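*Asks:* Note that the numbering used here has the sequence shown beginning at 11, numbered continuously upward.
Heads up, the beta-carbon is just placed ideally off N, CA and C, and yes, glycines get one too.
Quick caveat, the model's predicted, so the values are computed rather than measured.
Have a look at the structure that comes next, please.
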Amino acid sequence: MSKKLDENYKFARFLKNHAEEEEFDKRIKELHNKYFKTYDCSKCLNCCKKLNVSFSNKEIEAGSKELKCTVEELKNKYLTFDKLENKYITKTTPCPFLKNQQCILKNSKPKNCKDYPYTNKKERIHSLYTLVNNAEICPVVDKILDELKSIYHFKVR
Ligand code: SF4
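Right, dumping it as structure tokens:
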């Protein structure tokens, strides 16, 4: 485990005892808005390169319409069924829908892609380990965590 990851896990444990839910949501949302206002995700695409994305049946249907293929063709070419999760996920990383540094699902991106890294969602205090893991992928989440450390007067030991 890297030093930074270890530090972030310690911070997550610290927050469980030192942060109040509503105030934490407010603070993290403010930082989300501050950093994503100027960050150009299209130059990074780490999430598209490193994560598998799950698709609902509706999202598979919408994607097949956009790519002008059948649902079965889309599943065979791009997705695999994850028995543990009981849902379809992308077959490979980087994401097979990523072509020439762009998502070919322009109008039918799955909700998970639109919502990632979830830093503007409520009840983040209950998903601190997800936050820490996402900081390994998304540079903005990493910045947000670092700023939260100073807001909450977290001292690295
Ligand atoms: S579906 Fe599109 S936005 Fe989502 S991970 Fe793949 S390339 Fe990225």
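May I ask you to verify whether the stretch 63-73 touches the stretch 14-21, counting CB pairs closer than 8 Å and requiring at least 3?
*Replies:* no
*Asks:* Among residues of its own chain, excluding the 5 on either side of glutamate 83, which ones have a beta-carbon nearer than 6 Å to its beta-carbon?
*Replies:* Nothing listed; no residue qualifies.
*Asks:* Within 10 Å of its beta-carbon, does phenylalanine 107 have 16 or more other beta-carbons around it, so buried, or fewer, so exposed?
*Replies:* Burial call: buried.
*Asks:* Alpha carbon to alpha carbon, what distance is there between threonine 102 and aspartate 92?
*Replies:* Answer to the nearest angstrom: the Cα atoms are 12 Å apart.
*Asks:* Could you check if arginine 23 is buried or exposed, using at least 16 other CB atoms within 10 Å of its CB as the buried criterion?
*Replies:* exposed
*Asks:* Closer than 7 Å by C-beta to phenylalanine 164: which residues in its own chain qualify, once you throw out the five before and the five after it? Chain order, please.
*Replies:* Phe21 and Phe24
*Asks:* May I ask whether a heavy atom of the ligand SF4 can be found less than 8 Å away from the beta carbon of threonine 100?
*Replies:* yes
*Asks:* From what residue to what residue does the alpha helix (DSSP H) around lysine 14 run?
*Replies:* 13-28
*Asks:* Measure the beta-carbon distance from isoleucine 147 to isoleucine 38 and round it to whole angstroms, keeping in mind my assumption that it falls under 8 Å.
*Replies:* That pair is no contact at about 17 Å.
*Asks:* CA-CA distance, serine 64 and threonine 100?
*Replies:* Answer to the nearest angstrom: the Cα atoms are 7 Å apart.
*Asks:* Name the two residues that bound the continuous beta strand (DSSP E) containing phenylalanine 164.
*Replies:* Note, phenylalanine 164: premise wrong, no beta strand (DSSP E); not H, not E.
*Asks:* For alanine 72, which of Leu158, Lys97 and Lys116 has the nearest alpha-carbon?
*Replies:* Lys116
*Asks:* Who does leucine 113 pair with in a DSSP beta bridge?
*Replies:* Per the sequence presented here, residue 113 reads as cysteine, with leucine not at that position. Bridge partners of cysteine 113: Leu108.
*Asks:* Report back the beta-carbon spacing between histidine 28 and threonine 129 to the nearest angstrom; my notes put them in contact at under 8 Å.
*Replies:* The Cβ separation is near 19 Å, so there is no contact.
*Asks:* Please classify tyrosine 139 as buried or exposed, where buried requires at least 16 neighbouring CB atoms within 10 angstroms.
*Replies:* exposed
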